[in-house]
Amino acid sequence: MSEGVFYLERLSSHDELRRFWLAIKNFIETRKTGSIELVIGPAVAPGAAIFVFIRRVEFLCAERGVELHLRWEDPAKGSQFSATFDVFRAKFAFHEQPSTKVSWLTRLLEGAGHWVFRLCRESVTIASFVGRLTEGVVGLVFRPRRFRVEEWLFNIEHVGAGAMPIVGVMSFLIGLVTAFQASVQLRQFGANIFVADLVALAMVRELSPLITAILMAGRTTSAFTAEIGTMKINEELDALKTLNVDIFDFLVIPKTGSSLIAGPLLTAWSFFTGLLGGMTVGYLSLEVSPRSFMREVYGILTVADVWVGFLKSIFFAFIVGVTGCYMGLATEHGADSVGRQTTEAVIKALFFIILADAFVTVLAHVFNW
Amino acid sequence: MSLTGKSSLDGEEIVRVSNLSVGYSGHPILERVSFAVKKGQIVTILGTSGCGKSTLLRCLTGLLEPMDGKVFIFDVDVWDMNFPKEIRTRMGVLFQAGGLLGSFSVFDNVAFPLRESTNWPESWIRDMVYLKLEMVGLADFAHYMPSELSGGMKKRAGLARALVLDPPLVFCDEPLAGLDPLTAREIDSLLMELNEMLNITLVVVTHELVSIERISDHCIMLDRSVKGVIASGTVGELKEHSHPAVRDFFRH
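Sequence lines, in order, name chains A and B.
Its first residue numbered 16, the first sequence is counted upward by one per residue in the numbering used here.
Its first residue numbered 45, the second sequence is counted upward by one per residue in the numbering used here.
1. Would B:Gly196 and B:Leu223 qualify as a contact pair, given that the criterion is a beta-carbon distance under 8 Å?
2. In three-state terms, what does DSSP make of A:Gly177?
3. Classify B:Asn63 as helix, strand or coil using the three-state DSSP reduction.
4. Based on the DSSP secondary-structure assignment, which residues constitute the bridge partners of A:Glu82?
5. Does A:Asp30 come out as helix, strand or coil in the three-state DSSP assignment?
6. Shorter than 8 Å from the beta carbon of B:Leu209 to some beta carbon of chain A?
7. Give the DSSP bridge partners of B:His187, in chain order.
8. Among the candidates B:Glu284, B:Ala275, B:Ala228 and B:Ser286, whose CA atom is the shortest distance from the CA of B:Arg258?
9. So A:Thr99 contacts chain B; which residues on that side make the cut at Cβ distance below 9 Å?
10. Anything in chain A within Cβ reach of B:Asp171, meaning under 7 Å, just list it in chain order.
11. Within 10 Å of its beta-carbon, does A:Val353 have 16 or more other beta-carbons around it, so buried, or fewer, so exposed?
12. Could you compute how far the alpha carbon of A:Arg400 sits from the alpha carbon of A:His348?
13. Could you check whether the segment 336 to 350 of chain A touches the segment 141 to 153 of chain A, counting it as contact only if at least three pairs of C-beta atoms, one from each stretch, sit closer than 8 Å?
14. Taking a Cβ distance cut-off of 8 Å, strictly less, list which residues of the segment 141 to 163 of chain B are near chain A, in chain order.
15. Taking all protein chains shown into account, decide if B:Lys97 is buried (16 or more other Cβ within 10 angstroms of its Cβ) or exposed.
16. Any beta carbon from chain A within less than 8 Å of B:Trp123's own beta carbon?
17. Give the DSSP-derived three-state secondary structure of A:Phe132 in the structure shown.
18. Could you check if A:Gln196 is buried or exposed, using at least 16 other CB atoms within 10 Å of its CB as the buried criterion?
19. Going by the CB atoms, is the gap between A:Glu82 and A:Ser50 shorter than 8 Å?
20. Quick one: which residues of the segment 42 to 65 of chain A get their C-beta closer than 7 Å to a C-beta of chain B? List them in chain order.
21. Could you have a look at B:Glu57 and say whether DSSP puts it in helix, strand or coil?
22. Using a 10 Å radius around the Cβ and a threshold of 16 neighbouring Cβ atoms, would you call B:Leu213 buried or exposed?
23. Restricting to Cα atoms, I'd like to know which of B:Val59, B:Met189 and B:Gly84 is closest to B:Ser78.
24. Can a CB atom of chain A be found closer than 8 Å to the CB of B:Leu253?
25. Please report the residue range of the alpha helix (DSSP H) in which B:Val150 lies.
26. Is the Cβ-Cβ distance between B:Cys95 and B:Arg268 less than 8 Å?
27. Taking the alpha carbon of B:Val81 as the reference point, which residue from B:Leu138, B:Asp119 and B:Leu144 has its own alpha carbon closest?
28. Could you pull the DSSP bridge partners for B:Gly277 from this structure?
29. So, at 6 Å on beta carbons, what are the nonlocal neighbours of A:Ala277 in its own chain, with the 5 sequence-adjacent residues on each side left out?
30. Along chain B, in chain order, which residues have C-beta atoms closer than 9 Å to that of A:Arg33?
31. Output yes or no for whether 8 Å exceeds the beta carbon distance between A:Val303 and A:Asn207.
32. Tell me, please, whether the CB atom of A:Ile30 is closer than 8 Å to any CB atom in chain B?
33. Just how far apart, CA to CA, sit B:Thr48 and B:Glu75?
34. Could you give the distance in angstroms between the alpha-carbon of A:Ile362 and the alpha-carbon of A:Gly126?
35. Comparing alpha-carbon positions, which option in A:Val102, A:Ala238 and A:Pro159 lies nearest B:Leu175?
36. Taking A:Lys270 as part of the alpha helix (DSSP H), name the residues at either end of that continuous run.
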């Protein structure tokens, strides 16, 4: 191989082209001669890879001011090559993107902007969804016969009664653990009986509504989203629309309504089993009899405490139902979308539940409830 | 290097199947099938539903191990060597629904094989991907997600991905399934263009009569009754075939 002449004998792999190109680049950088000759052997079949390669060599030579002589040893193949690829060569100027080196700060700001923008847009759609829901509920007041009682009752059973075992077990254990953790400290002061106050207040104001809501987000929100999302993918929602069935009357209102009934009931159930858990620890390790435990609970709880817990459970149940239906309806086409929406629905529901929890707690503090 | 000396195969048999038996869980669907595909041809594998077309294709593309017999691709006994990677990178497969990865854009789908099996930098890959997308007419849709494409576009994107490593051999599984006649004709002419311009050998599984007549240089017809090849030849030869089942198939 004489100086500045590169001979591509055969094209055995894409990797080899890259190595060959690097050799040419290396040569140009070290020798700095005014021209190189690229000879392509007869064994090389003209394909797209060779086109990309030649294009890149042309770029390189143009950039370094080196003259390039391209020669096909088999002229027939050369003409076939140019016939096939001259079409693309013209189009490629269009695809050549200007180098988009953006600093990380710009990208960060851009990303944040996108995020805020999306958040704003989404709050608008959520607001219109809730508005549409309200409209549907008001409409039902005037035409109560359109309310689908059976669907509603079925959902209450599924969302409420079906969740009783898991909510019961979880609350019992939480009550047990809370009482146990407290008992270690309380025993030191001989303040054993106050375990009842602690468990009762913690459960009714905070833990019962929260545990119930978290379990409902996992069980109910995801089920609503998956069900409605699958219906959307199977074009069932479109079919309903063509049949003049209002999706809010048919799906959203019964589902949200059932969650609104089941939420507070489950919270009450959770409070009851939580107290049982505290009572068990009191009886077994603190010598507090169930009778004195209950008397202490009655002494400490006020109506305001119960109201705060109830208010929270209503908010949470609403969030659970609405998020599930909203995310289900927001499903796009494609089967993977359902899984994505379901995950996101649970996360959103949990986020809004904690937000509402903080809101109600602050509210209760301000009004001295 | 002997695996890749491609010019030595000109006019030769690029795929050779001898005494091949394939099936599922011990029950053969095809028994002792033999045929060959010559370089530069478009060969269609046809037959009625359930005759084993797709099973045969799964075996040729390395997805289903044969029960008996041999498959030679580029003169390599592929199943003897457990379908070597060098062979896989030298053939493309177009799946029935495109087989695109749903979480990647069209561009990333097409770039995927290059990123996986070459040392090319991103700028070269971009050139290659746009070149292939331009070939199938999807350059303007590079940043679409597969779920945003129509059925025909998905297939064209799948074809671009199958072609991206410049394979001399491409297998297509029912490229026209579920397409309207106009889009079907577009896909057909695309396949013929590829065959003509880049000298790509195509093995197409199909049962669309119009398409078979339009594209095939050679046909191989399978039939359930014999669990194998019932006839092979050009479309003209098959239309005059002595076997009634073959003539039936080609009757409009």
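Ideal Cβ positions, reconstructed from N, Cα and C, are used throughout, including at glycine.
According to the data block:
1. Indexing the second sequence from 1 puts residue 196 of chain B at position 152. Indexing the second sequence from 1 puts residue 223 of chain B at position 179. Contact: yes.
2. Translated into the one-based positions of the first sequence, residue 177 of chain A becomes position 162. If DSSP states are grouped into helix, strand and coil, A:Gly177 belongs with the helices.
3. On the second sequence, residue 63 of chain B is found 19 positions in, with the first residue counted as 1. When secondary structure is reduced to three states using DSSP, B:Asn63 falls in the strand class.
4. In the first sequence, the residue the question calls residue 82 of chain A occupies position 67. According to DSSP, A:Glu82 bridges with A:Ser50.
5. Sequence index remark: in the first sequence, residue 30 of chain A carries index 15 (1-based). Looking at A:Asp30 - three-state DSSP - the assignment turns out to be helix.
6. Stepping through the second sequence from its first residue, residue 209 of chain B is reached at position 165. Taking Cβ atoms only, chain A reaches closer than 8 Å to B:Leu209, which makes this a yes.
7. The residue labelled residue 187 of chain B in the question sits at position 143 within the second sequence. According to DSSP, which records beta bridges pairwise, B:His187 is partnered with nothing at all.
8. As a first step, residue 258 of chain B must be located in the second sequence, where it is residue number 214. When only C-alpha atoms are compared, the closest one is B:Ala228.
9. The residue given as residue 99 of chain A occupies position 84 in the first sequence. Close partners of A:Thr99 in chain B (Cβ separation under 9 Å): Met241 and Leu242.
10. The residue labelled residue 171 of chain B in the question sits at position 127 within the second sequence. Those within 7 Å of B:Asp171 in chain A are Val67 and Arg70.
11. Here residue 353 of chain A refers to the residue found at position 338 when the first sequence is read from its first residue. Answer is buried; the Cβ neighbour count reaches 16.
12. Because chain A in this structure spans residues 16 to 384, residue 400 of chain A falls outside the shown range and cannot be described.
13. yes
14. Gly146, Ser147, Leu158, Ser161, Thr162 and Asn163
15. As a position in the second sequence, residue 97 of chain B is number 53, starting the count at 1. With 16 or more Cβ atoms within 10 Å of its Cβ, B:Lys97 is classed as buried.
16. Taking the first residue of the second sequence as 1, we reach residue 123 of chain B at position 79. Not one chain A Cβ lies under 8 Å of B:Trp123.
17. Sequence index remark: in the first sequence, residue 132 of chain A carries index 117 (1-based). It is helical.
18. The residue you call residue 196 of chain A lines up with position 181 of the first sequence. It counts as exposed.
19. Along the first sequence, read from residue 1 onward, the residue named residue 50 of chain A stands at position 35. Along the first sequence, read from residue 1 onward, the residue named residue 82 of chain A stands at position 67. Their beta carbons are under 8 Å apart, which means A:Ser50 touches A:Glu82 by this criterion.
20. Ala58, Ala60, Gly62, Ala63 and Ala64
21. Residue numbering aside, residue 57 of chain B sits at position 13 when the second sequence is read from its first letter. In this structure, B:Glu57 counts as strand in the three-state DSSP scheme.
22. By 1-based counting over the second sequence, the position of residue 213 of chain B is 169. Under this definition B:Leu213 is a buried residue.
23. Walking along the second sequence from the start, residue 78 of chain B turns up at place 34. Minimum Cα distance to B:Ser78 is reached at B:Val59.
24. Here residue 253 of chain B refers to the residue found at position 209 when the second sequence is read from its first residue. False, the Cβ-Cβ gap to chain A never drops below 8 Å.
25. Here residue 150 of chain B corresponds to residue number 106 of the second sequence, with the count starting at 1. Following the DSSP letters along the chain, one finds B:Val150 inside the alpha helix (DSSP H) bounded by residues Val150 to Ser161.
26. Reading the second sequence from its first residue, position 51 is the one you call residue 95 of chain B. Reading the second sequence from its first residue, position 224 is the one you call residue 268 of chain B. Result yes, Cβ atoms of B:Cys95 and B:Arg268 sit closer than 8 Å.
27. Start at 1 with the first residue of the second sequence, and residue 81 of chain B comes out as number 37. The shortest Cα separation from B:Val81 among B:Leu138, B:Asp119 and B:Leu144 belongs to B:Asp119.
28. Here the question's residue 277 of chain B lines up with position 233 in the second sequence. Answer is B:Cys263.
29. Position 262 of the first sequence, counted from the start, is the residue given in the question as residue 277 of chain A. The residues are Ile171, Val174 and Gly175.
30. For the purposes of this step, residue 33 of chain A is identified with residue 18 of the first sequence, where counting begins at 1. Result: Thr162, Asn163, Trp164, Pro165 and Trp168.
31. As a first step, residue 303 of chain A is located in the first sequence; it is residue number 288 there, counting from the start. As a first step, residue 207 of chain A is located in the first sequence; it is residue number 192 there, counting from the start. Cβ distance < 8 Å, so A:Val303 and A:Asn207 count as in contact.
32. Sequence index remark: in the first sequence, residue 30 of chain A carries index 15 (1-based). First, the residue type needs correcting, since residue 30 of chain A is Asp and not Ile in the sequence shown. Taking Cβ atoms only, chain B reaches closer than 8 Å to A:Asp30, which makes this a yes.
33. Start at 1 with the first residue of the second sequence, and residue 48 of chain B comes out as number 4. Start at 1 with the first residue of the second sequence, and residue 75 of chain B comes out as number 31. Confidence is the limiting factor: at B:Thr48 the pLDDT is only 38, short of 50, which leaves the residue's position unreliable and the question unanswerable from this model.
34. Within the first sequence, residue 362 of chain A is the residue found at index 347, counting from 1. Within the first sequence, residue 126 of chain A is the residue found at index 111, counting from 1. So the alpha carbons of these two residues sit roughly 21 Å apart.
35. Position 131 of the second sequence, counting from 1, holds the residue named residue 175 of chain B. Measuring from the Cα of B:Leu175, the nearest candidate turns out to be A:Val102.
36. For the purposes of this step, residue 270 of chain A is taken as the residue at position 255 of the first sequence. Taken as a continuous stretch (DSSP letters only), the alpha helix (DSSP H) holding A:Lys270 covers Ile268 to Ser300.
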